[in-house]
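Numbering (my numbering), first residue to last: 258 to 625. Data first, discussion second: the structure below is written as structure tokens.
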Ligand SMILES: [Zn+2]
């Protein structure tokens, strides 16, 4: 149903004649007027405030609910993709729509939402079947519809979203993307034909429905450009080595050493998670030893990491001798250094000693 071709693709940010903003005094960068940002722990919610102008008498209560539900469904399209890729190492970006349906006669020009008109004719033309092309435009905007920009976080923009758009949540989500600063992933030539930008075919900001990693990163970059950088929590990323030495058997049978690398992400509240990969680095055990991923969970306190490690899902247990996992308490020897060994006696003669050497790397590290 959606594959009506490029004509269905909504337009980008077209430059209208410069007119003063209806909002008058604009908030400073970082204080949204139309699109706002809320930070809860490591969840960063982009809130799109919309004043959707609908003609009185044309929509009954069930249609109003339908329009609101479709806006939520369009936000969900973003959120399914955004949930799959962290920003700033550990932040989850998500989109929320705060829409009010307003009759034109009731329009409050000081309402802090982007103003979306659902009737009248399109500024940018019609499709072959006569339906109006949706658009978003910014009187203070820019000339390149494919460029990202922070305008919608700083001032109100306007849109024309005809009723059919609300039946197509991918197209609706595309238009919504313009309200948090994303430009089109396609270009339009002089004849009106559109073609995707290189490498961008099939994304939500093209005519497809994919929220790929680049779109997540671009949304994050728009937040930074809009001045929210100071409000976004930063997570620490620690990388280093893990050595595990295991003895098996009572009486003693054999021993295995594993060696590998780990990467841990520490959220601002200390919650720690990560993964790594280990391989056998010497074994006297007749059946050999396992190789594969490990997963790590735990917390970072003021003085140490308190960790639990275990085999990852792809880490099959060999015939006999496999990494079993354990716990570790790794003291901090500085703001960005943690090193230490922890023995775990698993019983029946099985003993593991894990030795960790970790360094904080990257932008979120504490000052050393
Ligand atoms: Zn567009």
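For each residue, glycine too, the CB sits at the ideal point set by N, CA and C.
Can the beta-carbon of residue i be found closer than 9 Å to that of residue j?
{"i": "residue 355", "j": "residue 422", "result": "no"}
{"i": "residue 352", "j": "residue 303", "result": "yes"}
{"i": "residue 292", "j": "residue 409", "result": "yes"}
{"i": "residue 552", "j": "residue 531", "result": "yes"}
{"i": "residue 609", "j": "residue 623", "result": "no"}
{"i": "residue 338", "j": "residue 467", "result": "yes"}
{"i": "residue 507", "j": "residue 606", "result": "yes"}
{"i": "residue 629", "j": "residue 341", "result": "Nothing in the structure corresponds to residue 629, since the chain is present only between 258 and 625."}
{"i": "residue 330", "j": "residue 429", "result": "yes"}
{"i": "residue 411", "j": "residue 372", "result": "no"}
{"i": "residue 598", "j": "residue 612", "result": "yes"}
{"i": "residue 370", "j": "residue 413", "result": "yes"}
{"i": "residue 349", "j": "residue 300", "result": "yes"}
{"i": "residue 296", "j": "residue 375", "result": "no"}
{"i": "residue 487", "j": "residue 298", "result": "no"}
Candidates the options: which alpha carbon is nearest residue i's?
{"i": "residue 550", "options": "445, 516 and 340", "result": "516"}
{"i": "residue 401", "options": "618, 566, 547 and 443", "result": "443"}
{"i": "residue 584", "options": "499, 525, 433 and 619", "result": "499"}
{"i": "residue 483", "options": "378, 405 and 582", "result": "405"}
{"i": "residue 580", "options": "514, 612 and 616", "result": "514"}
{"i": "residue 362", "options": "311, 603, 505 and 486", "result": "311"}
{"i": "residue 347", "options": "548, 494, 453 and 566", "result": "494"}
{"i": "residue 589", "options": "414, 544 and 562", "result": "562"}
{"i": "residue 478", "options": "617, 578 and 440", "result": "440"}
{"i": "residue 432", "options": "462, 511, 445 and 604", "result": "462"}
{"i": "residue 529", "options": "587, 546 and 481", "result": "587"}
{"i": "residue 566", "options": "377, 503 and 533", "result": "533"}
{"i": "residue 434", "options": "453, 300, 460 and 313", "result": "460"}
{"i": "residue 332", "options": "309, 305, 558 and 564", "result": "305"}
{"i": "residue 395", "options": "437, 618, 386 and 387", "result": "437"}
Any heavy atom of ligand 3 closer than 8 Å to the Cβ of residue i?
{"i": "residue 372", "result": "Ligand 3 is not part of this structure, which contains only ligand 1."}
Span of the alpha helix (DSSP H) holding residue i?
{"i": "residue 324", "result": "318-339"}
{"i": "residue 410", "result": "408-411"}
{"i": "residue 306", "result": "Note, residue 306: premise wrong, no alpha helix (DSSP H); beta strand (DSSP E) at 300-310."}
{"i": "residue 473", "result": "470-482"}
Tell me which residue opens and which closes the beta strand (DSSP E) that residue i is part of.
{"i": "residue 568", "result": "561-568"}
{"i": "residue 500", "result": "493-505"}
{"i": "residue 375", "result": "Looking at the DSSP string, residue 375 is not in any beta strand (DSSP E), and its letter there is neither H nor E."}
{"i": "residue 445", "result": "443-445"}
{"i": "residue 583", "result": "583-591"}
{"i": "residue 403", "result": "Residue 403 -> no beta strand (DSSP E), and no H or E assigned at all."}
{"i": "residue 521", "result": "511-523"}
{"i": "residue 434", "result": "Element bounds for residue 434: not the beta strand (DSSP E) but the alpha helix (DSSP H), 426-435."}
{"i": "residue 417", "result": "415-417"}
{"i": "residue 362", "result": "Per DSSP, residue 362 belongs to no beta strand (DSSP E) and is neither H nor E."}
{"i": "residue 459", "result": "Where residue 459 is concerned, there is no enclosing beta strand (DSSP E), given that its DSSP letter is neither H nor E."}
{"i": "residue 549", "result": "549-557"}
Give me whichever residues DSSP pairs with residue i in a beta bridge.
{"i": "residue 600", "result": "610"}
{"i": "residue 293", "result": "304"}
{"i": "residue 344", "result": "348"}
{"i": "residue 617", "result": "495"}
{"i": "residue 383", "result": "389"}
{"i": "residue 537", "result": "515"}
{"i": "residue 353", "result": "304"}
{"i": "residue 625", "result": "Partner(s): none; residue 625 has no beta bridge."}
Do the segment 531-540 and the segment 584-603 meet, that is, are 3 or more Cβ pairs less than 8 Å apart? no
Any chance the segment 420-440 sits against the segment 385-397, with 3 or more Cβ pairs inside 8 Å? yes
Is there contact here, the segment 321-329 with the segment 518-534, by at least three beta-carbon pairs under 8 Å? no
Please confirm if the segment 469-481 is in contact with the segment 443-454, defined as three or more CB-CB distances below 8 Å between the two stretches. no
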